[in-house]
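The structure under discussion appears below in the form of structure tokens.
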Amino acid sequence: MKRATMAVAVTMAALLAACSEDDPAGPGYSGDQLTEAEAEAVWTALVEVTDSARVGIMENDPPDASLLNPASAMPGNISFEHTSTHPCPVDGTVAVALNVDLAYDEEAESLDYDARGSLTHEECSFSHDSVTFTVDGDPNLSFAARVVVAEGVFEPITESVEGAFEWSASDGRSGRCIVDLSKVTDLTEGKRTLQGEVCGHTIEQEITWTT
Numbered sequence: 020m021k022r023a024t025m026a027v028a029v030t031m032a033a034l035l036a037a038c039s040e041d042d043p044a045g046p047g048y049s050g051d052q053l054t055e056a057e058a059e060a061v062w063t064a065l066v067e068v069t070d071s072a073r074v075g076i077m078e079n080d081p082p083d084a085s086l087l088n089p090a091s092a093m094p095g096n097i098s099f100e101h102t103s104t105h106p107c108p109v110d111g112t113v114a115v116a117l118n119v120d121l122a123y124d125e126e127a128e129s130l131d132y133d134a135r136g137s138l139t140h141e142e143c144s145f146s147h148d149s150v151t152f153t154v155d156g157d158p159n160l161s162f163a164a165r166v167v168v169a170e171g172v173f174e175p176i177t178e179s180v181e182g183a184f185e186w187s188a189s190d191g192r193s194g195r196c197i198v199d200l201s202k203v204t205d206l207t208e209g210k211r212t213l214q215g216e217v218c219g220h221t222i223e224q225e226i227t228w229t230t
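In terms of the working numbering, the sequence shown opens at residue 20 and continues consecutively.
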């Protein structure tokens with residue numbers, strides 16, 4: 020693998036989220052149900068909070084900078100652990116736990132990135148169409164991500180998120196959401212698929228591009 024390619028791969032690995040091995044969702048869906056538009060808005064807000072947390076992690080507690088230096092991209096193994104708490108848009112927080120294992124070999128043009136972790140929301144609130152939604156972990160959302168490069172070629176990148184959270188709205192509604200999503204990104208074929216469930220609504224999405 021070219022040194023620049025290895026550096027990009029390591030940087031991407033550091034930015035991907037991941038989480039715990041627990042299965043916190045449990046059976047069933049209770050309480051009021053969000054509309055499809057509201058479920059999408061809630062999920063989008065949670066993703067934005069997560070993205071903001073990732074930026075904070077890279078700014079305040081990044082992996083050893085030498086690991087991202089192409090000149091140091093020798094065969095080896097890297098382990099990275101991180102915990103932190105980040106603010107939500109209106110109020111409340113999200114706690115991030117992250118564990119990353121990375122094995123790479125420049126001469127063999129190989130890389131194996133495996134990440135796990137969790138997002139625990141505590142009175143994490145945000146607004147949508149003049150309604151304020153507040154989310155609490157039940158107990159959390161767990162993530163996993165896997166990136167494998169073999170002989171300089173990316174295998175399909177797999178990511179997943181599952182878990183549950185309780186929510187309440189300023190208009191008096193409340194309920195419990197289950198999340199069970201999987202995403203596969205094939206850089207060679209130029210295709211990304213996302214499927215699963217968010218708050219009782221089925222998600223099926225496919226994006227293609229020219230490679």
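Think of the CB as a built atom: it goes at the ideal place given N, C-alpha and C, for glycine as much as any other residue.
Beta-carbon gap between residue i and residue j smaller than 7 Å
{"i": "Ser146", "j": "Thr153", "result": "no"}
{"i": "Leu138", "j": "Asn118", "result": "no"}
{"i": "Leu121", "j": "Val168", "result": "no"}
{"i": "Gly209", "j": "Thr230", "result": "yes"}
Same chain, Cβ closer than 6 Å to residue i, neighbours up to 5 away in sequence not counted
{"i": "Arg165", "result": "Asp133 and Thr177"}
{"i": "Glu223", "result": "Gln214"}
{"i": "Ala58", "result": "Val217, Cys218 and His220"}
{"i": "Gly47", "result": "Note that Gly47 scores a pLDDT of 44, beneath 50, so its modelled location is shaky and nothing firm can be said."}
{"i": "Glu225", "result": "Thr212"}
{"i": "Leu53", "result": "Cys218"}
Identity of the residue in the options nearest residue i by Cα
{"i": "Met77", "options": "Ala58, Thr207 and Glu100", "result": "Glu100"}
{"i": "Val109", "options": "Pro94, Asp124, Glu225 and Glu67", "result": "Glu67"}
{"i": "Arg73", "options": "Ala60, Glu57, Asn96 and Pro106", "result": "Pro106"}
{"i": "Asp124", "options": "Asp148, Gly209 and Gly95", "result": "Gly95"}
{"i": "Thr204", "options": "Trp228, Ile222 and Gly171", "result": "Trp228"}
{"i": "Ala163", "options": "Asp148, Ser179 and Arg195", "result": "Ser179"}
{"i": "Val62", "options": "Gly191, Gly75 and Asp199", "result": "Per the sequence presented here, residue 62 reads as Trp, with Val not at that position. It is Asp199."}
{"i": "Arg195", "options": "Asp157, Ser71 and Asn79", "result": "Asp157"}
{"i": "Gly50", "options": "Ser201, Trp186 and Glu225", "result": "Trp186"}
{"i": "Ala56", "options": "Ala127, Gly75 and Asp148", "result": "Asp148"}
{"i": "Leu65", "options": "Gly75, Asn79, Gln52 and Phe184", "result": "Phe184"}
{"i": "Gly182", "options": "Ser193, Thr54, Ser201 and Gly191", "result": "Ser201"}
{"i": "Gly136", "options": "Glu128, Thr54 and Thr69", "result": "Thr69"}
Cβ separation of residue i and residue j, assumed to be a contact under 8 Å, to the nearest whole Å
{"i": "Val115", "j": "Ser103", "result": "5 Å"}
{"i": "Phe173", "j": "Thr207", "result": "7 Å"}
{"i": "Asp155", "j": "Glu170", "result": "Rounded, the Cβ-Cβ distance is 46 Å, inconsistent with contact."}
Nonlocal neighbours in the same chain, by C-beta distance under 7 Å from residue i, ignoring five residues either side
{"i": "Ser189", "result": "Val150 and Thr151"}
{"i": "Asp41", "result": "Only weak support is given to the placement of Asp41: the predicted model assigns it a pLDDT of 38, under 50, and the question is left unresolved by the model."}
{"i": "Ala60", "result": "His147"}
Other residues of its chain near residue i: CB distance less than 8 Å, five sequence neighbours each side excluded
{"i": "Thr112", "result": "Thr104, His105, Pro106, His140, Glu141, Glu142 and Cys143"}
(request) Could you tell me which uninterrupted beta strand (DSSP E) segments, each at least 3 residues in length, are contained entirely in the stretch 53-136, listed from first to last along the chain? (result) 95-106 and 110-124
Item to check | beta strand (DSSP E) segments (min. 3 residues) lying fully within the stretch 124-205 | outcome: 129-147, 150-169, 176-188 and 193-205
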